[in-house]
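J.: Mapping to the working numbering: the sequence shown position 190 is 192, numbers consecutive.
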Amino acid sequence: MVHADTTFFNDLKMGHRALSEGNAGLAFECWSRCQSYMPPNIDAYRHLAHSFRAIGHLAHARGLIQAALSMAPDDPVLQSDLANLLIDRGESDTAIEMLVLLANSSEAAGDTENALGFLGNTLMAMEYSPGRSTYSSNTIAQKWEDLASTWAKAQITRIQIPERGPELEAPRPLRVGFISGDLCDHPVGFLLLPVLQNRNPTLWRPYLYDNGSRQDRTHQQLRACVADQDWHTVGTLDDSALMKKILDDRLDVLVDLSGHSGKSRLRVMAYRLAGKQLSWLGSSATPGLPT
Numbered sequence: 003m004v005h006a007d008t009t010f011f012n013d014l015k016m017g018h019r020a021l022s023e024g025n026a027g028l029a030f031e032c033w034s035r036c037q038s039y040m041p042p043n044i045d046a047y048r049h050l051a052h053s054f055r056a057i058g059h060l061a062h063a064r065g066l067i068q069a070a071l072s073m074a075p076d077d078p079v080l081q082s083d084l085a086n087l088l089i090d091r092g093e094s095d096t097a098i099e100m101l102v103l104l105a106n107s108s109e110a111a112g113d114t115e116n117a118l119g120f121l122g123n124t125l126m127a128m129e130y131s132p133g134r135s136t137y138s139s140n141t142i143a144q145k146w147e148d149l150a151s152t153w154a155k156a157q158i159t160r161i162q163i164p165e166r167g168p169e170l171e172a173p174r175p176l177r178v179g180f181i182s183g184d185l186c187d188h189p190v191g192f193l194l195l196p197v198l199q200n201r202n203p204t205l206w207r208p209y210l211y212d213n214g215s216r217q218d219r220t221h222q223q224l225r226a227c228v229a230d231q232d233w234h235t236v237g238t239l240d241d242s243a244l245m246k247k248i249l250d251d252r253l254d255v256l257v258d259l260s261g262h263s264g265k266s267r268l269r270v271m272a273y274r275l276a277g278k279q280l281s282w283l284g285s286s287a288t289p290g291l292p293t
């Protein structure tokens with residue numbers, strides 16, 4: 003007899019495969035079956051909730067998150083999942099209140115990484131609730147910057163990377179790095195592609211840091227624009243390893259293409275990893291970076 007946990011995860015995977023093939027209806031059927039044999043663990047509820055959210059079935063997703071919260075009411079990740087569902091439902095003001103409380107409690111507990119994540123999530127939520135929150139986006143961005151700067155300096159000290167010094171060499175094209183989780187069939191990928199295809203190679207050389215996992219047509223086109231040694235797959239790298247890799251490339255300019263979205267690595271840029279740093283395309287919210 004097949005164990006219920008195995009059946010659950012098989013149907014979960016089958017649903018994601020169907021969704022990747024454009025069959026949202028079949029994905030819904032697979033995930034609906036999953037609810038009949040839910041394993042009694044929080045991760046299963048979260049995985050299924052995220053799946054329903056991906057196809058817009060927010061009521062199903064919310065019910066699953068609330069069921070998980072009944073098992074672990076103080077779990078900050080589950081609480082942030084609920085806040086993100088509220089954003090999807092147009093209840094951004096409530097979500098912002100929840101996220102700020104989560105950030106404050108994480109900071110008080112010394113959990114800087116989670117605090118930064120919750121503050122970044124707050125800034126994203128504010129894009130859907132302009133001018134209505136009791137909190138100022140500038141205040142939240144400043145708080146994120148202060149925490150991120152302290153965190154990034156600690157990372158650099160831990161991996162013992164020296165300060166960036168002047169580079170003495172013959173004239174060369176500018177080294178311009180782009181970091182994103184959306185180097186694929188996504189608006190960021192679509193808009194970046196013509197920039198790379200039409201660049202003047204005598205003026206600048208692109209370096210791409212891919213924090214995503216999709217390998218579709220746009221992904222392949224972007225890869226073709228960059229020398230093999232200048233394309234870095236970084237999704238599995240921890241923050242200190244990513245910082246070291248970027249510093250080793252000695253970039254002149256580093257461009258964040260994610261803002262505070264889900265695949266962001268923005269906090270590594272709180273330590274100046276390139277001569278100039280900027281944020282573009284991925285989000286219209288202030289990134290909270292001093293550079």
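No residue lacks a Cβ here, since even glycine has one placed at the ideal position from N, Cα and C.
#1: Enumerated in chain order, which unbroken segments of the beta strand (DSSP E) with a length of 3 residues or greater are wholly contained in the stretch 193–238?
#2: Check for me: the beta strand (DSSP E) holding residue 265 runs from which residue to which?
#3: In the stretch 98–167, which residue ranges form an unbroken alpha helix (DSSP H) of at least 4 residues, counting only runs that do not cross its ends?
#4: Figure out for me which residue from 51, 42 and 46 has the closest Cα to the Cα of residue 30.
#5: Measure from the alpha carbon of residue 111 to the alpha carbon of each residue in 78, 53, 126 and 251, then state which is nearest.
#6: Look at residue 262 and residue 118 and say whether their C-beta atoms are less than 7 Å apart.
#7: Taking the straight line between their C-alpha atoms, what separation do you get for residue 174 and residue 202?
#8: Residue range of the alpha helix (DSSP H) that residue 281 falls in?
#9: Where do the N-terminal and C-terminal ends of the alpha helix (DSSP H) with residue 57 fall, by residue?
#10: Going by other Cβ atoms of all chains shown within 10 Å of its Cβ, with 16 needed for buried, is residue 19 buried or exposed?
#11: Buried or exposed for residue 231, please, with buried defined as at least 16 other CB atoms from any protein chain shown within 10 angstroms of its CB.
#12: According to DSSP, simplified to helix, strand and coil, what is residue 177?
#13: Start and end of the alpha helix (DSSP H) containing residue 2?
#14: Checking 7 Å against the spacing of the C-beta atoms, do residue 237 and residue 147 come in under that value?
#15: Residue 185 and residue 218 - do their beta-carbons sit closer together than 7 Å?
#16: I'd like the list of long-range same chain contacts for residue 28, defined as Cβ closer than 7 Å, with 5 residues on each side in sequence excluded.
#17: What do you reckon, are the CB atoms on residue 143 and residue 288 nearer than 7 Å?
#18: Return the CA-CA distance between residue 206 and residue 223, expressed in angstroms with no decimal places.
#19: Using 8 Å for Cβ pairs, my map puts residue 259 next to residue 275. What's the rounded Cβ distance?
T.: Considering the structure as presented:
#1: 206–212 and 233–235
#2: No beta strand (DSSP E) holds residue 265; DSSP gives it neither H nor E.
#3: 114–128 and 139–161
#4: Closest in alpha carbon position to residue 30, among 51, 42 and 46, is 51.
#5: When each option's Cα is compared against that of residue 111, the closest is 78.
#6: Going by beta carbons, residue 262 and residue 118 fall outside the 7 Å limit.
#7: 13 Å
#8: Premise fails: residue 281 lies in the beta strand (DSSP E), 278–281, not in any alpha helix (DSSP H).
#9: In the DSSP assignment, residue 57 falls outside any alpha helix (DSSP H), carrying neither H nor E.
#10: exposed
#11: exposed
#12: In the structure shown, residue 177 falls within a strand segment according to DSSP collapsed to helix, strand and coil.
#13: As shown, the chain starts at 3 and ends at 293. That puts residue 2 outside it, with no answer to give.
#14: no
#15: Judged by their CB atoms, residue 218 and residue 185 are not nearer to each other than the 7 Å cut-off.
#16: 20
#17: Contact: yes.
#18: 18 Å
#19: Residue 259 to residue 275, Cβ: 15 Å. No contact.
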